[in-house]
Structures are given as C-alpha cells and as structure tokens.
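What follows is a short report on a single structure.
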Amino acid sequence: MCRFQKTFIVGAWAILVLALFCSGFVPSPHQTRQTRTLIKSISSLRMSTMDNSKEVTSEMDDVLSSQRTSNMPDGLSAKHLDIYDTTLRDGTQGESVSVTVDGKLAIAKRLGEFGMAYIEGGWPGSNPKDAEFFARARAELPLSTWRRVVAFGSTRRKFLPVEQDKQIAMLLESEAGCVCIVGKSWDLHIDEILEVPREENLAMVADSVAHLKAAGREVMLDLEHFFDGMASDPACTLDVCRAAVDAGVDVLVLCDTNGGRLPWEIEAGVRRVAAEFPGVRLGIHCHNDQELAVANSLAALRAGCSLVQGTVNGVGERTGNANLASLVPTLQLKMGYAGVGRAKLRELTGLSRFVDEMMNRVPAASQPWVGASAFAHKGGIHVSAMAKNPASYQHVDPDVVGNTRRVLVSDLAGRSNIIAKVKEFGLCVTDVECAAWADSSLQILNDIKVLEKMGYSFEGAEASVELMLRRMVENYAPPFNIVDYSCQIMDQVATSHTVTQRGAAAAAAAGLLASGQARATVKMEVSDGAQGEGRRTLLEVAEGNGPVDALGQALRRGLEPAFPLLREVRLSDYKVRILDHQGAKATASTTRVMIEFKRHNEFTGLTESWTTVGVDSNIISASFNALSDGFEYFLALKCDAQSLECRLD
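In mature numbering (1 follows the signal peptide of the UniProt record, and there is no 0), the protein residues as written are -24 to -1, 1 to 625.
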C-alpha cells in the first residue's frame, strides 16, 4: 500500500471522528445516516488494504510494547501521569469525615512520601482550619512535600474586580506554588445558579487565571459539571475552556461533578477538548454516584488526560470521589503508566489504612487492592488451586501493593484451607509433621462446620482459629486456665442479679449489659515459672462499668502480676449479634460476641491487633469466652508466655 493511500485512509477516519465529535454526545437520526454513508464509502478501501493494515498494526504493537518496557528498571511505562490527591479538601466533604489540622499535616506528609504529584491542602479562604493548615504547612512540612501542596479556591466573585476579591488574595497569601480554582462550565449553573450573563462568567474565569498566572503560580481550572455542560450546550462549555486557555491556564480539569456520566461519554468529551485545544494539559475529576468514578477516570486517561484527581479510599461528598487506592495500582500495573514506582506502590495498603486511622474510619475490608478481604480466599477449591499456582485465583501478587494473602476457615473451607492455616501458623515444618496434620484435617474441618452451625464465625476471628489449632498440639501449655466465674449486676434499685458460668439464659437480657456497676469473681490457674511449670490457683474479685468490664478487670488482676506486658493490651472493639435459630425468641436466642484487641509496641511504633469470637446462649458467657481467649492468644502466642519477656518489666 502506497503512502498516499495510507494517508487518505487515515484522513477519512479522522473526518469521521471529527464529524461525530462535532455533533455532540448524541447524534441526530440525520447525522447517524450521514455517518453510516461515510462509513460505507470508505469500507471498500479499508477492506482492500486489510492485509497491509494488519502489518502496520503489528509493527505499531511492537513499538508500543518496547516503549512500555525499555529503559524502565522496574518494568514501568514511560507514559506520563500526574496523580492529584484531594483527600484533604474534597475528601473531607464526605459525611462523618473530619480531620484535625494536625491530622491533615500528618496525612499530607505521608502523601508526599508516597509520591503524589499534587496534594490539595484545602480552601484557605473558606474556613479557619484550612487557613491554619497552610500557615503551618509552610513551616512544618518537608520542603519536598510543601512544593506539592495546592491551594484550592474559586474564580473571582461576579461583577467584582479580581484585585478586590479577598478569596483570590488569600490563595496567593497561602504561598502555595500551585492554585486550583473552580469555575462554572454548565449553562444551567451559569444561567440559573450563578445568574450572570455568559460573558461575565467568561470574564470571571479569564480574570482569575490571568491574575494568578501574573503572580507566578501554576494554575489549574476545575471545570465544574463539564460533561453535563457538553451534553447540554457544548459551545458554551468550550467557550469557558477557551477563556481559560487564552488566559494562560496550565491544566484544564474536566469534572463529572454529579457523577452521572458513563465511560464512553467521558472518553468522547475528553477527545473533543483535546482536539479543540491541542497541547493543553487535561485532567479528570470524577465522583462515584454510579460506582463509576474509577472507570470514568480510566476512560479519561485513555482519551488523553495526563492528570487524575481522586481521594485515598474514595472518601468524598455524597458517595465519594474516584478512589486513588484503586486507580494508582490499576494505572501502573494494568495500563502501563509511570505512577509512583514499584517500591512506593508497596506502601499503598499502609497509606490507605493510615488515612482511615487519621479520619477515625474503619477500613473497608472489601475494598479492592488494599482491603483485608482483597486477597482472602475461602472456597476449598480455590485454596487447593492456589497451593499449586497463586495466579489461579489472584490477578496480582498482593505484595506489590503491600497487602497479604489470607486463607479463611469456615464451613465452606476444604482440607486445603486447614493445611494452609497450619503452615501459616508454623505448626508444621517438616513433611512428616504436615502429613500428620493432613490426616486429621478432615476431622478438624468437620468440627469447624459444627461450630459454625452453632453460631461461630471464624472468618473475622483468626486468633480463635489459631488457638483452636494450637490447643490440639500435644505439648501446648496454656498460660492460664479458667476454673469458674460469676458476675453480679447492680440495677438502679440496688438489687443484684447473679450470673454464673452455668447461669440461666435469662441472664442474657440486654438490660444486664447496660451501664452500671457490676462485680465479677474469677477463679483461675496461672502458670508459675519462666518455663510454665507448676500452677497457682487464684481467686480474684473486681468491679467495673458493666459485667464485661468487671470480668476483664478480674482477669487482669490475676494475670498482670505474672505477665506485666498484658497491661499494654486494650479492647478496641466489641460486637454483639443475636442469632435467631429457627425462629427462637430474641431473649432465648444464641449470642455471638466478637472482641478486637490491640497492643501498641512502643519499641517498634507498630500496633498489632487480633480478634476472638465467643458463642453462648448467655451473652455474658459468650463475652467472657472471647475475652479470655484474647488474653490467652496474646500471652501464649503474640507475647511468647514461655519466655521471660512477658514476665518481667
């Protein structure tokens, strides 16, 4: 095929694409007929040169493949991408999300270390907290991080000279090197919300961009409701873009503010702007109202954007923003973008959980890539296959994002799950040891299924699973044994209700767990000596704010003198669920209690946590079983109770 023929075909396709874009998002029936005619007119040329086209395509694929891998020591692509984090501004607009100034500074520092190109710190002209953040950030953040901080604001107020706009002035006073301002680009907002002539809206955009550029700032314009504007009045929306470009804007950020657009609409809109303003950097900002923020962001990047805005864990207004914890690894590992680098990518799970901790949010276990369940495997067939090849049921190695693979034990588990957990806990090392466990794995599995039928759930209580397996080891010596216990709950009229270890189910009434004083008595045997030889029998009495607290205090009185490190263990979560078996009344149902424990290691700076489960018709007994198992797990396993470490201050 001669060069002229190739050029003609490419030109014909370009005319087709341009015709589609110029028609807007939804072509009319007449436009559709024209498009079909155009396609038909060039189809014969396309068919006649198919063989040559395949050859050209193959050559292009080879070139692209070499570009993705050459001169990249960690396998990353050379395709440029700027990651713009707006967790500290747009993310904090989410319901129940609040961060102190100290928290914002800590998150900003962590984002800088991770490698975010831009870190939106807040709106210095909108509230005292953000004003304080910028004042402190200049002095307290590392210089390399401060240079990434962006100040957010809006275009000047309507009919007000930009030099007199206090909000614009505060953006400059923040001393941030980059400023991102939001402007109206949807005719509905210009006409009905802002209520200004369209010429004034264009002037607001142009004046603001020019003023900030004259002050030496990098300027981005968030085109609010851009894609809605393109669907309504493309000419109006593109005029806003043109006003910003002519004023010297550095980046046009195209926003799906209402989160209502679909990926192909996003891609078409980006391509239209890229064609109208060649050479202008484009960014994308998507909201998650249809669970499409990540997909829409990927579509925009395919179409020509080189900057993506989002938040860690997808926090944000309404249903949130595009989730950077999903976008970053997908772009880097699946689409060949040069993101933050392989080494930094391994810090992603830690970053995700750090941000949740600073926002006082419980991490979402089901979150892709970084969630606790992202690489958790429950089905026996899956676990068996993964023992042969992890790629059989995992799309990537969890280690690349700092996560871990987990094998769950439940009534759906198979023998492979049991063997995997035994190996994970270090209970078998040699082939002979593992073979012995394999012989008993079926019985263990049957026992677990019976327990789960009774109400136990081991998926979120791996400490209970490990204890159960270790107690099967012949030489296992628990650090303590519970002989008996009882608890008295004092109500408002100073009468008492006694609940013993074998107490009636009526004691499970929720009212007995209400706040108020309770007295617990626990009789226990505690191991004596560094090697656990010999036992002392102790009887401890304690009072607390409710029966669970009283029982915990009594346990601690008996155990802490022997194991001082137990003082570092705290109860961090307590969950109760009433299990209705075959329509039983709530007061006669089985109760499942799950308790989460945490211990902060001051030497390493790390916090470890573990969860145990207890089930009983008596809510207090279920709670005490989970409580005592949690202490035993720490003393016997996490702390190594057979050493002097836990016994000496």
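Even for Gly, the Cβ is constructed at its ideal location relative to N, Cα and C. Just so we're clear, the structure is a prediction, and the values are computed from it rather than from any experiment.
Proximity to residue i [Cα-Cα], best of the options
i: residue 293; options: 587, 66, 552 and 574; result: 66
i: residue 397; options: 374, 354 and 370; result: 354
i: residue 598; options: 544, 461, 538 and 577; result: 461
i: residue 332; options: 525, 607, 69 and 73; result: 73
i: residue 233; options: 218, 223 and 165; result: 165
i: residue 399; options: 363, 426, 372 and 376; result: 363
i: residue 183; options: 221, 152, 170 and 203; result: 221
i: residue 511; options: 464, 286, 455 and 122; result: 455
i: residue 530; options: 464, 504, 576 and 574; result: 464
i: residue 633; options: 535, 442 and 130; result: Not covered by the structure: residue 633. The range shown for the chain is -24 to 625.
i: residue 272; options: 253, 297 and 250; result: 297
i: residue 124; options: 259, 188, 92 and 533; result: 92
i: residue 251; options: 575, 379, 218 and 308; result: 218
i: residue 206; options: 230, 376 and 94; result: 230
i: residue 607; options: 570, 581, 535 and 149; result: 535
i: residue 127; options: 108, 138 and 140; result: 108
i: residue 426; options: 367, 591 and 243; result: 591
i: residue 242; options: 337, 254 and 263; result: 263
i: residue 576; options: 351, 596, 545 and 602; result: 545
i: residue 190; options: 214, 139 and 265; result: 139
i: residue 121; options: 382, 244 and 90; result: 90
Other residues of its chain near residue i: CB distance less than 6 Å, five sequence neighbours each side excluded
i: residue 225; result: 185, 195 and 197
i: residue 600; result: 527
i: residue 61; result: 87, 92 and 95
i: residue 202; result: 161, 230 and 231
Assumed close pair residue i, residue j - CB separation to whole angstroms, cut-off 8 Å
i: residue 420; j: residue 394; result: 5 Å
i: residue 300; j: residue 59; result: 7 Å
i: residue 81; j: residue 113; result: 6 Å
i: residue 498; j: residue 516; result: 5 Å
i: residue 567; j: residue 604; result: Actually they do not touch by this definition, with Cβ atoms about 16 Å apart.
i: residue 147; j: residue 100; result: 6 Å
i: residue 257; j: residue 283; result: 7 Å
i: residue 372; j: residue 324; result: About 12 Å separates the two Cβ atoms, so there is no contact after all.
i: residue 134; j: residue 172; result: 5 Å
i: residue 246; j: residue 276; result: 5 Å
Cβ neighbours of residue i in the same chain (closer than 7 Å, five flanking residues each side left out)
i: residue 358; result: 369
i: residue 572; result: 548, 549, 585 and 587
i: residue 469; result: With a pLDDT of 43 at residue 469, under the threshold of 50, the modelled position of this residue cannot be trusted; read the value that follows with caution. Closer than 7 Å at Cβ, skipping near neighbours: no residue.
i: residue 174; result: 166 and 212
i: residue 526; result: 463, 494, 495, 496, 518, 519 and 520
i: residue 170; result: 134, 160 and 177
i: residue 532; result: 542
Helix, strand or coil at residue i according to DSSP, with G and I counted as helix
i: residue 280; result: coil
i: residue 80; result: helix
i: residue 503; result: strand
i: residue 609; result: helix
i: residue 234; result: coil
i: residue 341; result: coil
i: residue 515; result: strand
i: residue 581; result: coil
i: residue 106; result: helix
i: residue 224; result: coil
i: residue 290; result: helix
i: residue 203; result: helix
i: residue 635; result: Any answer about residue 635 is impossible in this case: the structure gives the chain only from -24 up to 625.
i: residue 189; result: helix
i: residue 151; result: coil
i: residue 522; result: coil
i: residue 96; result: strand
i: residue 437; result: coil
i: residue 586; result: strand
i: residue 354; result: coil
i: residue 529; result: helix
i: residue 463; result: strand
i: residue 598; result: helix
i: residue 262; result: strand
Close-in-space but distant-in-sequence residues of the same chain around residue i (CB under 8 Å, 5 per side omitted)
i: residue 208; result: 162, 163 and 164
i: residue 450; result: none
i: residue 188; result: 144, 147, 148, 155, 157 and 195
i: residue 118; result: 85 and 88
i: residue 307; result: 57, 274, 277, 284, 313 and 315
Residue-level contact to chain B via CB, residue i, 7 Å cutoff
i: residue 314; result: In the displayed structure, chain B is absent; only one protein chain is listed.
Three or more C-beta pairs below 8 Å linking the stretch 311 to 322 and the stretch 343 to 350: They do not touch, by the three-pair rule.
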